[in-house]
Structure formats: C-alpha cells, structure tokens
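Everything below concerns the one structure shown next.
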Amino acid sequence: MKILIVTIYLSLITKVFSHPHVFFDASFLININQNTIQNISVDLSLDEMNTLLYQEELAPEKDGNVKKENIHFLKDVINHFHLSYNNSQPIKNNFIFESAFIIDNKLNIHIVFPLNKKLTQHDKIVFSMYDKEYYYTYDYNEYSLEDNIIKSTLKINSTLMENRAKSFYFGMIYPLEFEVIFN
C-alpha cells in the first residue's frame, strides 16, 4: 500500500521530461536575384541511427534516392519551419520537395520554401526550425546559413540568436532563430 501511495504522490507532483528522439543537421541557403528573395533552400540530414530505423519504410532505390511518399514524417518536418517577413504574421509553409537520398547511411532531404518577395533596404526575415513537442530537433549554427546573391544591390546581415520570448516544451527550450536584414 505504501508503494502505491508513493507512486501516486510522485506522479502527481513531478513533471515528466523527455528529450528529442529524431535528430537532423540543418543548413539553409537564401537565394536572391535582382533584389528579390526567390526562396530559402533547406537541407536536412537525418542521423544515422534513425536512418537505419526508417530504412525499410524509406525503401531507397539502388542509387540511394528516396521517394517523397516514403518519408512519412516529411509533413511534420515541413511544419517545423517558422518564418516571418518584416515582423508580419508567420508565412504559411508552402514547401516544395526537391529530393531525398541516402548517402553515408544518412537520409538527406532537400526542400525549398519559395518566397518571391521584392526586397528593399532594411527588410527583415526571421526563420527557424523547431518542433514544439521536442520529438524532433534540428542542429544548426551561425555557419549553417549561406547566401546566393545574383545581380542585387543588397547584401545580407545575419544573426543567429536564441529567442527567449518564445519557449516551448514546458518553457524549457527556446528556438534558435536566424534574423536576416537586407542592406
């Protein structure tokens, strides 16, 4: 009886904390042409362990290519991309799946977020990748963002920062956000 009482007591007063189960390395490429931001290209690399766990479902072809319909968690991943333009409401995700393939025992996914927005000086985009449930985690740092600028008078100034105003997972985790200002 004592064990039952202690078990009930502990279950009522403690929160159950977890950790992410699926790990991605992420990199981003901002494509700008003639002062128009064309898109943000996102490359994700799933860790080796989860790639092996999903190997049968992914059903890679002999050359390593994986079909979109075989990646059952792709919709989740796409919904983890958060973007706002000039401090407006977040822009709805309308990703285009480009490709997926397995190389070096890792699933690599290439997706593109089209924007086609004319840029002016001091325009700003803020974006990040995170799962509010903290089942998936995305690893990136200040070197994970590159730019491809063609025939443009604007340059980018980017900063990676933890947004302490947004928290998720019991208020313990804060998303890492890229803030990109066009000068």
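Start counting the sequence shown at 462; every next residue gets the next number (the numbering used here). C-beta: ideal position from N, C-alpha, C; glycine also.
- By the Cβ test, the region 583-601 is in contact with the region 637-644, since at least three Cβ pairs between them sit closer than 8 angstroms.
- For the options N500, F489, K463, the alpha carbon positioned closest to that of N577 is the one of N500.
- Here Y604 is exposed. Its C-beta has fewer than 16 other C-beta atoms within 10 Å.
- Counting only unbroken stretches of 4 or more residues, the alpha helix (DSSP H) elements lying wholly within the region 493-527 are 509-519, in sequence order.
- If you check the CB distance, F489 and L606 come in under 7 angstroms.
- N618 is bridged by DSSP to I642.
- For F629, the beta-bridge partners assigned by DSSP are I634.
- Boundaries cannot be given for L580, as no alpha helix (DSSP H) includes it and DSSP labels it neither H nor E.
- As DSSP reads the structure, H571 sits in a beta bridge with D504, S560.
- CA-CA distance, L513 to N566, rounds to 7 angstroms.
- Comparing C-alpha distances from V503 to each of I491, Y546, T497, N496 shows the shortest one belongs to I491.
- It is roughly 26 angstroms from the alpha-carbon of L580 to the alpha-carbon of Y601.
- For D537, the enclosing alpha helix (DSSP H) starts and ends at 535-540.
- In the three-state DSSP reduction, K553 falls in the coil class, being neither helix nor strand.
- If you draw a straight line from the Cα of E518 to the Cα of E559, it comes to about 19 angstroms.
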